[in-house]
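A short write-up of the structure that comes next.
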Amino acid sequence: MSEQHNTLINELVNFLSGKGAHVSFAEAVEDLPADLRGKKPDNMPYSIWQLVEHIRIAQWDMLEFSRDASHQSPKWPDEYWPEEAEPESDDAWNQSLAQIENDLNEFISLLKNADNIYEPFAHGSGQNLLREALQIGDHTAYHTGEILAIRRMLGAWK
Numbered sequence: 055m056s057e058q059h060n061t062l063i064n065e066l067v068n069f070l071s072g073k074g075a076h077v078s079f080a081e082a083v084e085d086l087p088a089d090l091r092g093k094k095p096d097n098m099p100y101s102i103w104q105l106v107e108h109i110r111i112a113q114w115d116m117l118e119f120s121r122d123a124s125h126q127s128p129k130w131p132d133e134y135w136p137e138e139a140e141p142e143s144d145d146a147w148n149q150s151l152a153q154i155e156n157d158l159n160e161f162i163s164l165l166k167n168a169d170n171i172y173e174p175f176a177h178g179s180g181q182n183l184l185r186e187a188l189q190i191g192d193h194t195a196y197h198t199g200e201i202l203a204i205r206r207m208l209g210a211w212k
């Protein structure tokens, strides 16, 4: 592979991992008090838990779409957002965070091992691995910003 391609892959991995000018997803949820996971500040339509679950579901969907031509995406928007404002348990919270990390690592592995990140998927409508990488990074960064804003509203951010 060319040096330019390797540079692009490294930059994408850094972007997906939250390395750069912004707080990473992992940092945004680190040390969040359990009693604040389901709180909705005034005029906010969702809690941090709902954002975390939304990130998990959307990232999982993009990963599966990228590696499985028979993957069926959840129904938009209903199945991308949990109804419950808070996790049912600490285990549910931890499992969601672990799946986000694991799925991200799976996607990064796919990206690093792809022959051609520009080639459209045969099963899509023009999507390719590069587009999915950018979409995962952008989507996660957007909602990570919302998590930070909610933490600030709740007095739980430095």
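Numbering (our numbering), first residue to last: 55 to 212. Ideal placement from N, C-alpha and C gives every residue a C-beta, glycine not left out. All values reported here derive from a predicted model rather than from experimental measurement.
Cutoff 7 angstroms; reference residue 108; Cβ partners in own chain excluding five residues on either side: 134, 135 and 197
*Are the region 117-128 and the region 160-170 touching by the rule of at least three beta carbon pairs closer than 8 angstroms?*
Yes, the region 117-128 is in contact with the region 160-170.
Limits of the alpha helix (DSSP H) - the one that residue 62 falls within | If you look at residue 62, you'll find it in the alpha helix (DSSP H) that goes 57-70.
Quiz prompt | Stretch pair the region 77-94 + the region 123-143: three plus CB contacts closer than 8 angstroms | solution = yes
Residue 193: first and last residue of the uninterrupted alpha helix (DSSP H) it sits in
183-207
> If you follow the alpha helix (DSSP H) that residue 101 is part of, which residue opens it and which one closes it?
Replying inline: Note, residue 101: premise wrong, no alpha helix (DSSP H); not H, not E.
Once the 5 residues before and after residue 187 are set aside, which same chain residues still bring their CB inside 8 angstroms of it? 66, 69, 70, 161, 165 and 171
Measure the Cβ-Cβ separation of residue 110 and residue 150 and say whether it is below 7 angstroms. yes
Residue closest to residue 147, alpha-carbon to alpha-carbon, out of 105, 181 and 180: Looking only at 105, 181 and 180, the smallest Cα-Cα distance to residue 147 is reached by 105.
Identify which residue in 112, 76 and 121 has its Cα closest to the Cα of residue 129.
112
If you check the beta carbons only, do residue 123 and residue 177 fall under 7 angstroms apart? yes
**Q.** Counted within 10 angstroms of its Cβ, other Cβ atoms place residue 82 as buried (16 or more) or exposed
**A.** buried
Return the Cβ separation of residue 94 and residue 100 in integer angstroms, given the expectation that the two are a contact with Cβ distance under 8 angstroms.
7 angstroms
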